[in-house]
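Working notes, structure below.
Take a look at the structure:
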């Protein structure tokens, strides 16, 4: 499938370069990419989740987050001071990013890798872009995901509901190490230990592993194994998060309906060409400066216009040939020799001939001192 091949190529590019300025990712590129997280093809969704993570992960925490679920939070690198560009990026795109992540959890065809990738994306957003207000919003999002798994209005499978609970536990454990709030850490540890003794299938060690053992009957979760909004609010009261407690009390709701979600699956043919602002420190010294990375081929795959794609490819080849090929090769491709072309060798001979010395005898043509 050509879309999968192009997305894999795009992922390799994103893994090799850092996007130092997230504002270089315009909405015309980011929104269609986010829409890909709702595609029916699970392989496409997984690739797009990894692409989004790679674009945001400038501190290179992705590898550590992907290789282990029992990682040491202290070894993860968090961005303490956020640039104005990062703040503007989140102000503009945070709602859309959260909404698409929430909806991505609803996909019935999600597997172990999808849940792990969704957790890694949540973690990278937390480590790279969040301030205290954003951290509260992420907690609201996670609590809403827990409610999604509990109510099961989407009629998800037992494994998928376990997967959502596991991501919630992994994220709450991570934010304890980021927020440095003893009360919250104590509460989260208590809930995780309850799950470990009574419902281990709700922990990331279970869902992110190869084990597929799930409860045979419908999923029932005891209250002690759940993260309760009022308890989280109480744990954050009296801390630097106090100013955002009222915000935390507001339940997160996705503003995108199912009808809109299905509609947007069919409207992803927007132009998504962008030039990434590459970090000079991470550039290959052999690379040319101001290297441009385009997603024109990705756009073509979205539009599924094979004829137009072939025509554009042919035009690019012709343009590249005229920009890089020797003049003689270009002239040969253009057909019969013109009068100017036939006279060029004489012109070149006159240009490169050494002028005679004022005191030396005139030399024969073609011989130089």
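Numbering (this note's numbering), first residue to last: 45 to 413.
Yeah, the Cβ is synthetic: ideal placement off N, Cα and C, and Gly gets one too.
6 angstroms CB neighbourhood of residue 102 in its chain, flanking five on each side removed: Translated into positions along the chain shown, residue 102 becomes position 58. Here the set comprises 62.
Backbone CA spacing between residue 268 and residue 182 [nearest angstrom]: Here residue 268 is taken as the residue at index 224 of the chain shown, counted from 1. Here residue 182 is taken as the residue at index 138 of the chain shown, counted from 1. Their backbone Cα atoms lie some 22 angstroms apart in a straight line.
Straight-line gap, residue 153 to residue 108 (C-alpha atoms, nearest Å): Working through the chain shown from its first residue, we reach residue 153 at position 109. Working through the chain shown from its first residue, we reach residue 108 at position 64. Roughly 26 angstroms between the two C-alpha positions.
CB of residue 271 within 7 angstroms of CB of residue 211, strictly: What you label residue 271 is simply residue 227 of the chain shown in a count that begins at 1. What you label residue 211 is simply residue 167 of the chain shown in a count that begins at 1. The answer is no: Cβ separation not under 7 angstroms.
Assigned exposure category for residue 49 - 16 Cβ within 10 Å defines buried: As a first step, residue 49 is located in the chain shown; it is residue number 5 there, counting from the start. Exposed.
Residue from 227, 100, 265, 142 whose Cα sits closest to the Cα of residue 58: As a position in the chain shown, residue 58 is number 14, starting the count at 1. Here the closest residue by C-alpha is 100.
Proximal residues to residue 145 (C-beta, below 8 angstroms), its chain only, five neighbours per side dropped: Counted from its first residue, the chain shown places residue 145 at position 101. Excluding sequence neighbours, residue 145 sits near 81, 162, 165, 166, 185.
Start and end residues, alpha helix (DSSP H) containing residue 261: Position 217 of the chain shown holds residue 261. Note, residue 261: premise wrong, no alpha helix (DSSP H); not H, not E.
Inter-residue spacing [alpha-carbon to alpha-carbon] between residue 296 and residue 143: Residue mapping note: residue 296 aligns to position 252 of the chain shown, counting from 1. Residue mapping note: residue 143 aligns to position 99 of the chain shown, counting from 1. In a straight line, the C-alpha of residue 296 is about 10 angstroms away from that of residue 143.
Spatial neighbours of residue 284 in its chain, beta-carbon cut-off 8 angstroms, leaving aside the 5 residues before and after: For the purposes of this step, residue 284 is identified with residue 240 of the chain shown, where counting begins at 1. Once the five neighbours on either side are set aside, the close Cβ partners of residue 284 are 176.
Of the residues 92, 68, 170, 232, the one placed nearest residue 275, counting alpha carbons only: Along the chain shown, read from residue 1 onward, the residue named residue 275 stands at position 231. Minimum Cα distance to residue 275 is reached at 232.
Alpha-carbon spacing of residue 370 relative to residue 361, whole angstroms: Working through the chain shown from its first residue, we reach residue 370 at position 326. Working through the chain shown from its first residue, we reach residue 361 at position 317. Taking the straight line joining both Cα atoms gives about 15 angstroms.
Outcome for residue 207 when other beta-carbon atoms lying within 10 angstroms are tallied against a minimum of 16: Locating residue 207 in the chain shown gives position 163, counting from the first residue. So residue 207 ends up on the buried side.
Burial state of residue 230 (16 or more Cβ within 10 Å): Residue numbering aside, residue 230 sits at position 186 when the chain shown is read from its first letter. Per the 10 Å Cβ criterion, exposed.
Nearest to residue 282 (by Cα), restricted to the options 97, 228, 66: Here residue 282 corresponds to residue number 238 of the chain shown, with the count starting at 1. Of 97, 228, 66, the residue nearest in Cα terms is 228.
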